[in-house]
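Undergrad: Residue numbers (the UniProt record's numbering): 1 to 479.
Just so it is clear, CB atoms sit at the ideal spot from N, CA and C, and this is done for glycine as well.
Before we start, here is the structure in question, set down as structure tokens.
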């Protein structure tokens, strides 16, 4: 990510005097979470435009950062010559024919620079990238472009039994040469762990994603929008914590802002900053209040799901909703495909009757099996840290896998090596096709912070996966 960020900042430095920044929808969503508006202003940008919109000509330099899908619009833009000169960066690999097409339409010589900027995705958070693309081939292509931008020499391992994982690994092995910086690349698909996307979230960022609308750099609900940029210190501190912790920190933050406002002789710039900070904290308060009003009804269901995973005998809940009952039924179904880590429970689990797995969800369970279960891949149950709250110390399967990789104990049968590279690897790339949840993102980041604080992990996927995505995919559409 540091290399990519440096490349983006280098692109933004092009041109002289006041400038215009020209983006498309993809690059707008990619850049806005990692480059602040203040930083853009410091680079002398005063116009921010989307390429599909009509604009009046103006005599300034233009830095255009565009995805490959906007090449045709770029050609029309060059022919119109809205700006005096163009420094163009495409976030994908261009063919010789595409380069020739762009050059042949620059009859006035307004293109001062044309480069590839390998950044075909949206940074949802630090070290968490969602790739562009709607088909496996497009996603793999975006992944390859991203890897080129990272400039790493990769030791590649893939999930055996997963066709998409093998094709991705094989394609990268053929086209990617790398550099002198060694790193691990682990490629897998969502079916390796189907338990985690169905868990209820209990930390701020994951709960914002489950109960509100969470996009890169923005939390929305009702008429409210909360910007969670990198300078949002409260969100950075509390996103992996539970709501109780976030609430207490919010109280302390409000007190600090109040004390600062009451200080005599503070600079005007500091006063403005504190006012902005106060407004942002107020929005966090509203978001946390909204989440707190919605989550209590799922607490007992969540604990029941944990009991099922651990092989503990459970009793039916009183009057769960259809959505809750379906979640429980899917978890019970997954438990029938695995062995409990509790060996004593596993010895007599076949004698137990499922609590909610009944004929009323037969079609949904069958649809779930067809769409999400890969019969060639063994499913393991997640685990929990001992003597700690299960809501906060749930350990997804992907953490175990990455841990085995770092300890050099990962099964070569389960994850064959398609390419080896020598040297100590301080960076791990994890690519999960089919989506990653914020529960997994949090668990991986905490795992590295605790066990490998001097190393980095970059989590890459094609989408954020949520329980509602799974439920809607297997539930008949209402007419």
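#1: Cutting at 7 Å between CB atoms, please list the residues of its own chain near residue 128, excluding the five before and the five after it.
#2: Report the start-end ranges of each alpha helix (DSSP H) in the region 111 to 148 that is 4 residues or longer and not cut off at the edges.
#3: What is the DSSP secondary structure of residue 421, reduced to helix, strand or coil?
#4: Out of 190, 88, 65, 139, which one is the CA nearest neighbour of residue 466?
#5: Who are the Cβ neighbours of residue 148 in its own chain at under 6 Å, not counting the five residues just before and after it?
#6: If you count every other CB in all the chains shown that lies within 10 Å of the CB of residue 54, and 16 or more means buried, which is it?
#7: Quick one: Cα of residue 188 to Cα of residue 381, how far?
#8: Does the region 57 to 65 come close enough to the region 14 to 33 that 3 or more CB-CB pairs lie under 8 Å?
#9: What span of residues does the alpha helix (DSSP H) with residue 456 cover, start to end?
#10: How far does the beta strand (DSSP E) with residue 225 in it reach, from first residue to last?
#11: Write down every uninterrupted run of the beta strand (DSSP E) in the region 172 to 244 whose length is 3 residues or greater and which is fully enclosed by it, in chain order.
#12: For residue 388, which of helix, strand or coil comes out of DSSP?
#13: Helix, strand or coil for residue 164? Go by DSSP, reduced to three states.
#14: Which class does residue 90 belong to by DSSP, given the choice of helix, strand or coil?
#15: Indicate whether the contact test is met: 3 or more Cβ pairs, each with one atom in the region 281 to 298 and one in the region 238 to 247, closer than 8 Å.
#16: Can you round the beta-carbon distance between residue 216 and residue 122 to whole angstroms, since I take them to be within the 8 Å contact cut?
#17: Do residue 67 and residue 27 have their CB atoms nearer than 9 Å?
#18: Let's see if you can read the secondary structure: which residues bound the beta strand (DSSP E) around residue 19?
#19: Compare the C-alpha of residue 179 against each of 316, 156, 306, 152 and name the closest.
#20: Since residue 305 and residue 211 are thought to touch, with beta carbons under 8 Å apart, how far apart are those beta carbons, to the nearest angstrom?
#21: Does the region 431 to 447 come close enough to the region 393 to 400 that 3 or more CB-CB pairs lie under 8 Å?
#22: Under a Cβ-count criterion, where at least 16 other Cβ atoms within 10 Å of its own Cβ denotes burial, should residue 388 be classed as buried or exposed?
#23: Residue 301 by DSSP, collapsed to three states: which one?
#24: Buried or exposed for residue 132, going by 16 or more other Cβ atoms inside 10 Å?
#25: Please classify residue 197 as buried or exposed, where buried requires at least 16 other C-beta atoms within 10 Å of its C-beta.
#26: When the Cα atoms are used, what is the spatial distance from residue 533 to residue 308?
TA: With the given structure in hand:
#1: Answer for residue 128: 441, 459, listed in chain order.
#2: If we require 4 residues or more, the region 111 to 148 turns out to have no alpha helix (DSSP H) run fully inside it.
#3: Residue state, collapsed to three classes: coil.
#4: Of the candidates 190, 88, 65, 139, the one whose C-alpha sits nearest the C-alpha of residue 466 is 190.
#5: Contacts found: 118.
#6: By the neighbour-count criterion, in which a residue is buried when 16 or more other Cβ atoms sit within 10 angstroms of its Cβ, residue 54 is exposed.
#7: Roughly 17 Å between the two C-alpha positions.
#8: Contact between the region 14 to 33 and the region 57 to 65 is present, because at least three Cβ pairs lie under 8 Å.
#9: Premise fails: residue 456 lies in the beta strand (DSSP E), 456 to 461, not in any alpha helix (DSSP H).
#10: Per DSSP, residue 225 belongs to the beta strand (DSSP E) from 224 to 227.
#11: Qualifying beta strand (DSSP E) stretches, in chain order: 182 to 189, 213 to 215, 218 to 221, 224 to 227.
#12: It is coil, neither helix nor strand.
#13: DSSP, read as helix, strand or coil, puts residue 164 in helix.
#14: The answer is strand: DSSP assigns residue 90 an E or B state.
#15: At 8 Å Cβ cutoff, the stretches touch.
#16: That belief holds up - the Cβ atoms of residue 216 and residue 122 are roughly 5 Å apart, short of 8 Å.
#17: Yes, they are a contact pair.
#18: Looking at the DSSP string, the run of the beta strand (DSSP E) that includes residue 19 is 19 to 23.
#19: Measuring from the Cα of residue 179, the nearest candidate turns out to be 152.
#20: About 17 Å separates the beta carbon of residue 305 from that of residue 211, a gap too long to meet the 8 Å contact definition.
#21: Taking a contact to require three or more Cβ pairs closer than 8 Å, the region 393 to 400 and the region 431 to 447 qualify as touching.
#22: Result: exposed.
#23: Under the three-state reduction of DSSP output, residue 301 falls in the helix class.
#24: Answer is buried; the Cβ neighbour count reaches 16.
#25: It counts as buried.
#26: There is no way to answer for residue 533, as the model of the chain reaches only from 1 to 479.
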